[in-house]
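Asker: Once you've had a glance at the structure underneath, I'll fire off some questions.
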Amino acid sequence: MNVRKNLFLPTKKVTGYLLSGKGKSVRSYDDPRTPAQRTKDTGIMLEPQRCHMEDLYASLDLADLTNRINEIQQQLIRLAAAKTYSQAPHAA
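When we follow this note's numbering, the leftmost residue of the sequence shown carries the number -14, and every step to the right adds one.
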């Protein structure tokens, strides 16, 4: 899930606050970017780290990654339901 979030899901960050015409505080946002893009844009990454991140991004398929996450979540739900059912008091 972290790989999907950091490489594929863009977010907006608050860059500041402005006053509207009515004196109300309104947030201003930057352009949506993924956490990986934000990190890369800072220029603090070493070349091997940047290359590794780009290789990882190129090797992943978002649809396959999302399907695998959904499968694992469904499996966890089934396991939790089975455990909950087995621990519930049964009427005699």
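Built from N, CA and C at the ideal position, the CB exists for glycine as well.
1. Which word fits residue 67, buried or exposed, when buried means at least 16 other C-beta atoms lie within 10 angstroms of its C-beta?
2. Taking only three categories from DSSP, how would you classify residue 44?
3. Alpha carbon to alpha carbon, how far is residue -9 from residue 8?
4. Taking just the CA atoms, how far does residue 6 sit from residue 18?
5. Between the alpha carbons of residue 59 and residue 47, how many angstroms are there, rounded?
6. Could you work out which residue in 56, 65 and 69 is closest to residue -14 when comparing CA atoms only?
7. So, are the CB atoms of residue 15 and residue -3 less than 8 Å apart?
8. Check residue 19 in the structure and name its three-state DSSP category.
Answerer: In this structure, then:
1. Numbered from its first residue, the sequence shown carries residue 67 at position 82. The residue is exposed, with fewer than 16 neighbouring Cβ atoms inside 10 Å.
2. For the purposes of this step, residue 44 is taken as residue 59 along the sequence shown, with counting starting at 1. Residue 44 falls in the helix class under three-state DSSP.
3. To locate residue -9, count along the sequence shown from 1; it is residue 6. To locate residue 8, count along the sequence shown from 1; it is residue 23. Distance between the alpha carbons of residue -9 and residue 8 is about 36 Å.
4. Here the question's residue 18 lines up with position 33 in the sequence shown. Here the question's residue 6 lines up with position 21 in the sequence shown. So the alpha carbons of these two residues sit roughly 29 Å apart.
5. Here residue 59 corresponds to residue number 74 of the sequence shown, with the count starting at 1. Here residue 47 corresponds to residue number 62 of the sequence shown, with the count starting at 1. Straight-line Cα distance between these residues: approximately 18 Å.
6. Taking the sequence shown and counting its residues from 1, the one referred to as residue -14 is at position 1. Answer by Cα proximity: 56.
7. In the sequence shown, residue 15 corresponds to position 30, counting from 1. In the sequence shown, residue -3 corresponds to position 12, counting from 1. Result yes, Cβ atoms of residue 15 and residue -3 sit closer than 8 Å.
8. As a working note, residue 19 is residue 34 in the sequence shown. The answer is coil: DSSP assigns residue 19 none of H, G, I, E or B.
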